[in-house]
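Remarks on the structure that follows.
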């Protein structure tokens, strides 16, 4: 049976769906989760919104998402980007509490925050990578949301947009801080994942099949570790100072150096052996990472 999707493109369309009054602002709104999910038909399994969502969930019961079951009874924040598929359902008898902030991207166009939204990579994390927050953190977040609500509920003037986006940015920066805290308070799990990634990386480059398989992608390692690509890169960056892509390139450079100094292969042959379709691409990355072209590096020996 194929999934049924509900696409909601506008804030006013969202209010119509949940039977809420007309939105105070056409591009931003806060809605109670209980009110929203009360309208969801049981057979519906997925949503796609045309806006950013920040949802504070506290579930009495268990959330089923894909093949996993997740307990969010303590309260969690989940983030999704526009048109990202949101799937999952609360098991029979469960109740979802909390609120959700919906931000249409048109609100952020031509603002400084709009140019920086891509930096908040948690909008592309999976549901099992949600931000679990303490009561104190929850209050900090709710205070930011209350200021946003209060601002868009007033008469719009020349200060409205700046104050709304300023409070959204403050909210996102707090979330960034709290995610940092979560990475480090779960240090054992995080370190295990880093070590598992390093083993996978070494195993991949130890194979003699790179010429057929090509360089590994970030998505490949994320899938092997059951993580989203963004979460994996953020995790590695916090614990090693390098993203997943940087680790892949550095491991490739290490292997390239051993081939340049340990074999008689041409630069093109080495590039193909490392999985590059075009030797020029290999040369460009090698020079960027080492400051020398492959041939210049070989001549150092």
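Residue numbers (UniProt numbering): 1 to 301.
Just so it is clear, CB atoms sit at the ideal spot from N, CA and C, and this is done for glycine as well.
- Secondary-structure assignment with DSSP links residue 175 through no beta bridge to anything.
- Burial state of residue 230 is buried, judged by a 10 Å Cβ sphere holding 16 or more other Cβ atoms.
- Where residue 194 is concerned, the enclosing alpha helix (DSSP H) starts and stops at 187-206.
- One alpha carbon belongs to residue 26, the other to residue 102, and they sit about 11 Å apart.
- In this structure residue 11 does not touch residue 17 by the C-beta definition: roughly 11 Å separates them, more than the 8 Å allowed.
- Per DSSP, the beta bridge partners of residue 98 are 57.
- As summarised for the segment 94-174, the continuous beta strand (DSSP E) elements at least 3 residues long and confined to that stretch are 95-103, given in chain order.
- Runs of the beta strand (DSSP E) lying entirely within the segment 255-299, each at least 3 residues long, are absent.
- Per DSSP, the unbroken beta strand (DSSP E) holding residue 29 starts and ends at 28-32.
- Residue 254 has its alpha-carbon roughly 13 Å from the corresponding atom of residue 282.
- Distance between residue 134 and residue 213, taken at the CA atoms: about 44 Å.
- Just measuring C-alpha positions, the residue of 175, 225, 30, 199 sitting nearest residue 121 is 175.
- Around the CB of residue 80, 16 or more other CB atoms lie within 10 Å, so the residue is classed as buried.
- The beta carbons of residue 215 and residue 131 sit no closer together than 9 Å.
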